[in-house]
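Asks:
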Amino acid sequence: MKRLRLMVVAAAAVTASLFLAAPANAQDAAPEAAPEAAAAADPWNGQIFLTFDDGPGGAYTDDILEVLEANNAKATFFLLGQNAQRDPARVDAILEGGHTLGNHTWDHPDMTTLTRAQMDSQIGRTQNLLESHGAEVNCFRPPYGAHNTTVNQAITAAGLQRQLWNEDTRDWARPGVDAIVNVLLGATPGDVVLMHDGGGDRSQTVEALEIALPQLAAKGYKFGISPKCSPTA
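Heads up: the sequence shown runs through residues -26 to -1, 1 to 207, numbered per mature numbering (1 follows the signal peptide of the UniProt record, and there is no 0).
1. Taking buried to mean at least 16 other C-beta atoms within 10 Å of its own C-beta, is Gly198 buried or exposed?
2. Could you have a look at Ile129 and say whether DSSP puts it in helix, strand or coil?
3. Using the C-alpha atoms, what's the distance from Leu54 back to Thr100?
4. Where does Arg90 sit, in a helix, a strand or coil, going by DSSP?
5. May I ask you to report which of helix, strand or coil DSSP gives Gly31?
6. On the DSSP letters alone, give me the boundaries of the alpha helix (DSSP H) that Thr55 sits inside.
7. Give me, in chain order, the residues of the same chain whose beta-carbon lies closer than 8 Å to that of Met93; leave out the 5 immediate sequence neighbours on both sides.
8. Any idea if Ala147 is buried or exposed, counting beta-carbon neighbours within 10 angstroms, 16 or more meaning buried?
9. Let me confirm a value: Arg60 is counted as buried when at least 16 other C-beta atoms fall within 10 Å, else exposed. Which label applies?
10. How is Asn102 classed by DSSP in three states: helix, strand or coil?
11. DSSP on His77, reduced to helix/strand/coil?
12. Our contact map puts Gln135 next to Lys202 with C-beta atoms below 8 Å; I'd like the distance itself, whole angstroms only.
13. Would you tell me roughly how many angstroms separate the C-alpha atoms of Ala191 and Ala161, rounded to the nearest one?
14. Determine the burial state of Thr89: buried for a count of at least 16 other Cβ atoms within 10 Å of its Cβ, exposed for fewer.
15. Here's the rule: buried if 16 or more other CB atoms are within 10 angstroms of the residue's CB, otherwise exposed. What is Gln21?
16. Using the Cα positions of Asp37 and Asp171, report the straight-line distance between them to the nearest angstrom.
17. Can you tell which of Val155, Val167, Tyr195 and Asp66 has the C-alpha that lies nearest to the C-alpha of Glu181?
18. Quick one: what does DSSP say Leu138 is sitting in, helix, strand or coil?
19. Per the DSSP calculation, His170 is bridged to which residue(s)?
20. Does DSSP put Ile199 in a helix, in a strand, or in coil?
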């Protein structure tokens, strides 16, 4: 009886092994995911969201616009009101390129240090100026990413959505082209990438975009405008 029981167990083990042993090319033979499953896995439709702060930044903004156009990329430019006031032609150039504007305050203060009235002024003056260019501006990025309850209330009262980021190239520190490229190449659909076209020498940013965007596009990624900032029309 004991011998019979051992034979049964052995047979069961052999049968199980036949089901568990996978062929070397099993992943090639696996059926493709249903469209619904694929959409659930990537609700962003392959889009990475490029954003640029502190502009317009003179010739660097021009260079970035050229790289974006060459790579069929759209982006959000978070402009400072004082810079936009000094350089209206580049504000228009950004819009003519099919990009979107975001509100980045008038002169880049830490919003958490301001009174509510000062917050409203920083947001409102900039909003009025950007909208005077015919732009639909739906999002706001607080300088340094600094926000608290009062800042958030001021953003909401202005009818805007707060847009931060989850991938920081730290290009403002000029860490080298390779360092910026590495952050860009690590981006995946749904990521909001922080870069700068204003505030200083942005030649490293321009060069990094020239290198990284074609490589990301070769992976099938696209470059769009985040839902928070997208025009509603």
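No residue lacks a Cβ here, since even glycine has one placed at the ideal position from N, Cα and C.
Replies: This is what the structure gives:
1. With a threshold of 16 other beta carbon atoms within 10 Å, Gly198 meets it and is buried.
2. helix
3. 7 Å
4. helix
5. coil
6. Per the sequence shown, the amino acid found at residue 55 is Gly instead of Thr. From DSSP, the alpha helix (DSSP H) with Gly55 extends over Gly55 to Arg60.
7. Met85, Thr124, Val125 and Ala128
8. exposed
9. Classification of Arg60: exposed, given that the 10 Å Cβ count is below 16.
10. helix
11. Before going on, a small fix: residue 77 reads as Asn here, not His. Shown here, Asn77 sits in a strand according to DSSP, grouped into three states.
12. Between Gln135 and Lys202, the beta carbon gap of about 4 Å places them in contact (Cβ cut-off 8 Å).
13. 12 Å
14. exposed
15. buried
16. 9 Å
17. Measuring from the Cα of Glu181, the nearest candidate turns out to be Val155.
18. Three-state result, Leu138: coil.
19. Asp27
20. coil
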